[in-house]
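Numbered by full-length UniProt numbering, the letters in the sequence shown go through residues 1 to 101 in order. Data block below; observations after.
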Amino acid sequence: MPRPVTSREREPVMSAPIDLAPAPPLSLVVLALCTGSDDPDRWWPTRRASRTKHRTYAARVCAGCPVRRACLEYALAAGHEFGVWGGLSEHDRRGLQRRPR
């Protein structure tokens, strides 16, 4: 009769690899007006009450950003679901992706 396998004899459990979004191009990191922002909540608001205020702020900053379009294209291609990218919130980006081309 075979003996039961003990926990020490089992194969280690491997977790599935995590799909990470590619890092943004260096030009976005260097040239973006949001780089060095002292308040990450402005770009990734965590409380529902502050989202509108922070989106408005982010949209103003992004409107004058030299890499706004590249930032938005990166966020769409990388599938970023949260935060403000290229001046658009996650809700705005989902709307863009639903529109027929």
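From the three backbone atoms N, C-alpha and C, an ideal C-beta is built for every residue, glycine too.
Three-state secondary structure assigned by DSSP to residue i
i          : result
residue 33 : coil
Residue i burial status per 10 Å Cβ neighbour count (16 or more: buried)
i          : result
residue 89 : buried
residue 29 : exposed
residue 98 : exposed
residue 75 : buried
Alpha-carbon to alpha-carbon, residue j and residue i
i          : j          : result
residue 68 : residue 48 : 24 Å
residue 95 : residue 51 : 17 Å
residue 73 : residue 86 : 8 Å
residue 66 : residue 32 : 7 Å
Supposed close pair residue i, residue j - CB separation, criterion 8 Å
i          : j          : result
residue 54 : residue 41 : 6 Å
residue 27 : residue 70 : 7 Å
residue 43 : residue 34 : 6 Å
> Does the pairing of the region 42-60 with the region 73-81 give three or more beta-carbon distances under 8 Å?
Replying inline: no
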